[in-house]
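Residue numbering for the sequence shown follows this note's numbering, beginning at 1 and increasing consecutively. Here a beta-carbon is modelled for each residue, glycine too, at the ideal position from N, C-alpha and C. Values in this document were obtained by computation on a predicted structure and should not be read as measured data.
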Amino acid sequence: MVTTAIKKPVRKPANPKNALAKYDLQSIKEDGTFSNIAINQIDTCSFNYRKYYDEAELQELADDITQHGIIHPLTLRKSANGRFELVVGERRFRAAKIAKRKTVPAMIKLLTDEQVIELMLAENLNRVDPHPLHEAEAIHWMHKTGKSIEEIALRLVKSKAFVYNRLKWAELILPLKEMFLANKFSIQDANELSLLAPESQQEFFEIHCNDWVAENYSFNNCRYAISRFKYDLKKAPFDTKDKTVLPEAGACTNCPFNSATRKSLFPELAKEAVCSHKVCYKKKCISHSERSIRLAIQEHKPTAFITYGDLSEEMQILIDSMPEVNALSEHSYYDINICKCPTAPDKEDYWTESEDGEEEPDIESYDAAVDEYKDELAAYECLIETGSILKGLFIKNGEVSILNFNFDKKSTISSKTVTAKEVQEAIKAGTVTAELLEAEIKRIEEREKRALELDSIKIQKQAHEDFCTKLEQAETLEPMLTNADLIAARLLVFQSLDWSMKRKIEMQLFTDVDTHAPADFYTALADLNEQQYAHLIRAAISGKAESKIPGYVTAFSFYKMADAAGINVADIEKSQKTLADERKHKVKQKIEDLQRKIKKLTPET
C-alpha cells in the first residue's frame, strides 16, 4: 500500500554515546572493499525488520540522487549464489531504483548473520529522529535475537515499560502500522491499540478507520473507541481463575491480555485487571452462560423460557443451539406474573412505646406478622408443589436465573397495601383513619380469599395423591367405566386437537360455552350427543399428520373409520388398482425390450 506523506513528530535525537554503545559501527572491524555494483545483482536482506517506507520521501530522495548521486555507499555482503545481499541502505537502494540508476556505490564486507543484524540496528537506531514505529521494529529485532526486555532496556538506557510498549507496537496489524506511520493517531493511542488482541485491532480498524486515507478523515475520541474493546475482569460474570471456562485459553490470571499480568512493568496497573482480548472475553461469557443454563435446567427443571427484550447475537446463537432450551415453552417477561416468596418479618422492626415512654418490643404485632407470614408461605409452597406456580429460565444481561411465575396478573400472592402492624400502631397512637381501617378489612378479606383458594388446592392435591396411589393397585378402584370416565375421554379428545382445529370445534360444538371455565366446559362435554361426539373424534383423528401416511397406526385407524363412516374406499382402491395394472403392463414391456437388447449384445456360447 502506498503511504501518504507524513509530518514527522518532533523528537530529541538519540544519544548513541549512552544508548548504543553496544552497537558502535566500529565494533565490526572488517574494512571491506569499495565497488560500484549493478542494481540487478543486489537482493534485499530478509533480516531487515523495517518494512515501511514513505513513498513521497523515497521520491524526494530519488530526485536528489538524480541530481547529486549517492553520497554514502551502501553496505553489502557476498551471497553464496554469487550475488550480493543488501545489509545497510535499503532506503537509498529503493530510491536509486526509482531514479533508474544502473549501479550503486557499495562497501562489500564479510559479515556473519549476527553482524548483519548488529549493523542494521546500529544504522537505524543512530538515525536522527527515526519514526517511533521504526524504533519499535528495531527493538523487536533485538528481542527476536534472544535478548530479554531487561537486557534491551539496559542497552538502550530506557525503562522496561518503554521497551515493552515498543515491542507491542511492532505487533500492531499492518493497517494500523500504516496509520501510525502517517501520524493518524498519537503515541498514547498506539500504546492503547497495541494492547488489543489482533482480532480486536482488526475489528477496530474496520469500524473506525477503513477510510483513513481520505483527505478529510479525522478520528476524535480514539481512547473512548478503544475502551469499547476492553473489559473490567473484576466485573466478569465468570471466574477469572477457572481454567476450564475456556480450556484453550486457560485462566485469565496469567493471560498476557490481562493488564494485571503487566504489573512488574507498570506498577500503576497492579490494582487493575482489564481484558483487552474481546473475542476471548466474549467466548468465556458465552461458555459461562452455557454452563449456568445447563446447571439451572438440571437443578430446577424449568418448564418455560422467559424472554426479556432482545438477546445479544452471541447469546441468541447459544440458545438456538441448545435443544434443552428450545424444548421449553417461551413467554415474554411482560406477559407473566412474577411470584416472589414471602419475606419473614424482622423482629427488630417491631417496637412500641411503653407507658413510661420507653421503647419496648411489640410482641403482639410481631406474632401477628409471623402468623400471617406462615400462612403466606404455606400458600406459596402449596402453589409451587401443585404446579400453580411455574419455574422459568430467565436470562438478562447475560445473567442466568430462575423465576417463579404464573399467568395470573391478579396473583394470589400479591403485595399488600397495608399491614397489620401499621393498623395496630395507628390504633395505639390514636391516628387511625376510616380509610386505614377499610384497607385493613380489605386485607383480611383478601387473606381469607387466599385461604379458601388454598383449601381448594389442598383438597385437589390430596384427592390426586389418593387416586394415583390406588391406580397402581387397580383392584382398589371402581373397575367399570363410569360416566365421569367417559366425559374425561371426551376432554382428552378435545385436548388432542391442534390450535386451529380447537377453534373450529369450539365454533361448531361449544358456541355459547366458556371453555376456560372448568365447570361450564365439563357440563358441555357431558351434554354432547352421539353425533357431536363422533364429529369430535373424527376431527381429532383426521387432524393428525400421520393419519395421511400408511404405516402408522393412526393412518390404519383413520382408514377403518373413514370406511365405516361412509367413504367408498372400495371404489378408491379399484380406481388406483386400474392405474397400477396399466403401469405394471408398461414396466413389463420395457423390461422385455431391454432383455432382447441384452440378448443381441451377448455372444452365444
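query	result
Buried or exposed by the 16-neighbour rule on C-beta atoms within 10 Å, applied to residue 385	exposed
Span of the beta strand (DSSP E), counted from its first residue to its last, around residue 107	103 to 109
DSSP state of residue 350 mapped onto helix, strand, coil	coil
Contacting residues, own chain, Cβ-Cβ under 6 Å from residue 344 (five flanking each side not counted)	373
Runs of alpha helix (DSSP H) wholly within the segment 105 to 193 (minimum 4 residues, chain order)	113 to 125, 132 to 144, 149 to 156, 160 to 169 and 174 to 181
Rounded straight-line distance, which links the Cα of residue 584 to that of residue 603	30 Å
Best match in 524, 100, 107 and 376 for proximity to residue 342 [C-alpha to C-alpha]	376
With 16 other Cβ atoms within 10 Å as the buried cut-off, status of residue 75	buried
Pair within 9 Å by beta-carbon distance, residue 276 and residue 305	no
Euclidean distance between Cα positions of residue 300 and residue 394	12 Å
Beta-ladder partner(s) of residue 77, from DSSP	85 and 109
CB contact below 9 Å: residue 292 versus chain D	Judged by its chain identifiers, the structure shown contains no chain D, having just a single protein chain.
Reduced DSSP secondary structure (H/G/I, E/B, other) of residue 282	helix
Distance CB(residue 418)-CB(residue 434) smaller than 9 Å	no
Bridge partner(s) assigned by DSSP for residue 430	BP columns for residue 430 are empty, so no partner.
Candidates 347, 215 and 180, of which the one nearest residue 135 by Cα	180
Contact belief for residue 172 with residue 194 at Cβ below 8 Å, rounded distance in angstroms	5 Å
Beta-carbon gap between residue 225 and residue 208 smaller than 9 Å	yes
One or two residues paired with residue 603 in a DSSP bridge	None; residue 603 has no bridge partner.
CB-CB length for residue 98 against residue 67, believed under 8 Å	Incorrect: roughly 13 Å between the Cβ atoms, too far for contact.
Close beta carbons around residue 39, own chain, < 7 Å, minus the five adjacent residues each side	96, 97, 101, 102, 103 and 104
Neighbourhood of residue 461 by C-beta, 6 Å cutoff - its chain only, sequence neighbours within 5 removed	386
Nearest-angstrom Cα separation, counted from residue 480 out to residue 470	15 Å
Three-pair Cβ contact test at 8 Å for the segment 106 to 119 versus the segment 71 to 87	yes
Residue 92 burial status per 10 Å Cβ neighbour count (16 or more: buried)	buried
DSSP three-state assignment for residue 231, whether helix, strand or coil	strand
Integer-rounded CB distance, given that residue 383 should sit under 8 Å from residue 457	7 Å
Sufficient close CB pairs (3 or more, under 8 Å) joining the segment 274 to 294 to the segment 307 to 320	yes
Classification of residue 468 by the beta-carbon crowding that lies within 10 angstroms, buried from 16 upward	exposed
Reduced DSSP category for residue 332 - H, G, I as helix; E, B as strand; rest coil	strand
Supposed close pair residue 150, residue 160 - CB separation, criterion 8 Å	6 Å
Cross-strand partners of residue 391 (DSSP beta bridge)	404
Contacts around residue 242, its chain only, beta-carbon distance under 8 Å, and the 5 residues preceding and following it disregarded	251
Neighbourhood of residue 176 by C-beta, 7 Å cutoff - its chain only, sequence neighbours within 5 removed	193, 201 and 205
Cβ neighbours of residue 510 in the same chain (closer than 6 Å, five flanking residues each side left out)	524
Residue span of the alpha helix (DSSP H) that contains residue 37, given as start and end	Here residue 37 belongs to no alpha helix (DSSP H); instead the beta strand (DSSP E) covers 33 to 38.
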